[in-house]
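**Student:**
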Amino acid sequence: MSETQSTLSCDSQTLITSAKTTLTTQAQALMGLADRVDTQFSQAVTMMLNTKGRVIICGMGKSGIVGKKIAATLASTGTPSFFMHPGEAFHGDLGMVQQDDLLILISYSGETEEVIRLLPSLQSFGNQSIAIVGNPSSTLAQHCDCVLDIAIDREVCPNNLAPTTSTTMTIAMGDALAVALMQCRDFQPQDFARFHPGGSLGRKLLTRVRDLMHKDNLPFCSPETSLQDAIAVMTQGRKGVVLIKEGERLAGIFTDGDLRRAMLKDAAGMLSKTMSELMTANPKTISQDTMIVEAEERMLRDKITLLVAVDDNKNVVGLLEIYDR
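Mind the numbering: the sequence shown is residues 1 to 325 in the UniProt record's numbering, read in order.
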């Protein structure tokens with residue numbers, strides 16, 4: 001790029017138009033790819049599903065970068081997988097490949113030297129292979145057991161050089177394989193959480209109400225408690241609520257929201273009333289063994305910020321607030 005060219009800039013509308021063109025072109029290419037999916041795809045999924053070993057992804061350059069993402073997606077969704085760099089494989093990393101492993105070899109041209117020169121070794125090992133290529137007649141395609149065609153008319157790059165649309169097709173095909181495998185295995189959120197225990201999603205899917213609920217110094221009072229005394233209990237509890245118990249049974253609940261509404265309705269007569277007159281009877285409760293993600297969905301659906309947690313005998317054991325994590 002010349003010094004003159006480096007100082008040029010585009011106006012805002014030109015940049016917006018460029019982005020829209022890029023995204024539209026990519027979307028159209030994806031729709032075209034969807035229309036071409038055939039029995040080769042189902043064969044690839046079946047091969048991956050039935051392999052007794054790992055699924056090893058191999059690609060060079062941008063294909064390798066996309067391959068790393070595909071391997072990570074597969075590994076996190078129930079398909080043991082890892083990425084192998086073709087250059088390193090040719091210099092010793094082929095020792096990681098076991099006979100039962102399945103190889104997915106990525107090369108848009110189907111002629112990438114670093115990938116092609118692995119074929120004799122893989123064939124001598126007896127490994128099955130899947131090619132993701134843009135040319136079904138290429139050397140790579142002709143020497144693999146299954147071929148996934150991701151051909152495009154051109155790259156969205158204005159010079160038709162930088163891998164752009166082709167890498168989008170590759171990553172989309174990888175996602176399609178992963179999703180199909182998840183469906184075949186009936187892969188559930190709980191399964192996903194097992195492979196993501198350190199992430200926020202994993203914690204939500206593995207955590208139960210009892211793990212996050214507030215258990216100490218719960219704000220209890222009786223139905224005969226006056227409003228003034230109940231406010232003192234509410235203030236001390238710092239949860240904006242008092243729980244009204246009758247014996248061991250939860251009779252009702254009274255929140256700071258209930259207090260405001262009652263004051264607006266009858267401020268003069270409020271202080272003379274007891275909790276039995278003001279509480280919400282039979283409040284919503286939740287089992288302490290409920291998954292936290294289910295509890296949060298329920299609170300959002302019912303537009304409440306707090307739930308009373310109970311044990312198997314319906315005894316109150318805690319309070320769960322919507323932002324407890």
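We put the beta carbon where it would ideally sit given N, CA and C, even for glycine.
#1: When burial is assigned at 16 or more other CB atoms within 10 Å of the CB, is Ala-27 buried or exposed?
#2: Buried or exposed: which applies to Gly-269, given that a residue is buried once 16 or more other Cβ atoms fall within 10 Å of its Cβ?
#3: Going by the CB atoms, is the gap between Ala-178 and Thr-51 shorter than 9 Å?
#4: So, at 7 Å on beta carbons, what are the nonlocal neighbours of residue 350 in its own chain, with the 5 sequence-adjacent residues on each side left out?
#5: Applying the 10 Å Cβ sphere with the 16-neighbour rule, what's the burial state of Gly-110?
#6: Does the segment 110–128 come into contact with the segment 45–59, if we say contact requires no fewer than three beta-carbon pairs (one atom in each stretch) closer than 8 Å?
#7: Could you spell out the range, first to last residue, of the beta strand (DSSP E) harbouring Asp-149?
#8: Between Phe-254 and the rest of its own chain, which residues show a CB-CB distance below 8 Å, the 5 nearest in sequence each way excluded?
#9: Work out the CA separation of Asp-258 and Ile-322 for me, nearest whole Å.
#10: Can you say whether Cys-10 is buried or exposed, counting buried as having 16 or more other CB atoms within 10 angstroms of its CB?
#11: DSSP on Asn-315, reduced to helix/strand/coil?
#12: If you draw a straight line from the C-alpha of Asn-313 to the C-alpha of Ile-286, how long is it?
#13: Determine the contact status of Ser-63 and Ser-129, defining contact as a CB-CB distance below 9 Å.
#14: Ala-29: buried (16+ other C-beta within 10 angstroms of its C-beta) or exposed?
#15: Helix, strand or coil for Met-263? Go by DSSP, reduced to three states.
#16: Mark Met-48 as exposed unless 16 or more other C-beta atoms lie within 10 angstroms of its C-beta, in which case mark it buried.
#17: Give every residue of the same chain whose Cβ lies closer than 6 Å to the Cβ of Asn-282, excluding the five residues on either side of it in the sequence, and list them in chain order.
#18: Let me know the secondary structure DSSP gives Ile-132 once reduced to three states.
#19: Between which two residues does the alpha helix (DSSP H) harbouring Ile-23 extend?
#20: Alpha carbon to alpha carbon, what distance is there between Phe-192 and Ala-72?
#21: In whole angstroms, what separates the C-alpha of Arg-249 from that of Ser-222?
#22: Arg-36: which of Thr-290, Ile-152, Pro-163, Ser-121 sits nearest, CA to CA?
#23: Relative to the C-alpha of Phe-90, which candidate in Pro-120, Asp-289, Leu-319 has its C-alpha closest?
#24: In the structure shown, what three-state DSSP assignment does Phe-187 receive?
#25: From Leu-264 to Leu-320, what does the alpha carbon distance come to, in whole angstroms?
#26: To test your reading of the DSSP string, which unbroken alpha helix (DSSP H) runs of 4 or more residues are found completely within the UniProt domain "SIS" (44–187)?
#27: From the DSSP output, read off the bridge partner residues of Thr-207.
#28: Can you round the beta-carbon distance between Asp-145 and Val-133 to whole angstroms, since I take them to be within the 8 Å contact cut?
#29: Name the two residues that bound the continuous beta strand (DSSP E) containing Glu-248.
#30: I need the DSSP call for Ile-286, collapsed to helix, strand or coil.
#31: Pull up the distance between the alpha-carbon of Thr-4 and that of Ser-138, whole angstroms please.
**Tutor:** A quick look at the data gives this:
#1: exposed
#2: exposed
#3: no
#4: Nothing about residue 350 can be read from this structure; the chain reaches only from 1 to 325.
#5: Counting C-beta atoms within 10 angstroms of its own C-beta, Gly-110 has 16 or more neighbours from the protein chains shown and is therefore classed as buried.
#6: Three or more beta-carbon pairs separated by less than 8 Å link the segment 110–128 to the segment 45–59, which places the two stretches in contact.
#7: 146–149
#8: Ala-230, Met-234, Val-241, Val-242, Ile-244, Met-275, Leu-278, Met-279, Thr-280
#9: 18 Å
#10: exposed
#11: coil
#12: Going from the Cα of Asn-313 to the Cα of Ile-286 covers about 12 Å.
#13: no
#14: If you draw a 10 Å sphere on the C-beta of Ala-29, you find 16 or more other C-beta atoms in it, and that means buried.
#15: helix
#16: buried
#17: none
#18: strand
#19: Correcting the residue type first, residue 23 is Leu in the shown sequence and not Ile. Segment 12–36, the alpha helix (DSSP H) holding Leu-23.
#20: 13 Å
#21: 10 Å
#22: Ile-152
#23: Pro-120
#24: It is coil, neither helix nor strand.
#25: 28 Å
#26: The qualifying runs are 62–76, 86–90, 113–116, 119–125, 139–142, 165–185.
#27: In DSSP, Thr-207 forms no bridge with anything.
#28: In fact, because the Cβ distance is near 13 Å, the residues do not count as touching under 8 Å.
#29: For Glu-248, there is no enclosing beta strand (DSSP E), as DSSP marks it with neither H nor E.
#30: strand
#31: With a pLDDT of only 47 at Thr-4, under 50, the local geometry of the prediction cannot be trusted, and no value is derived from it.
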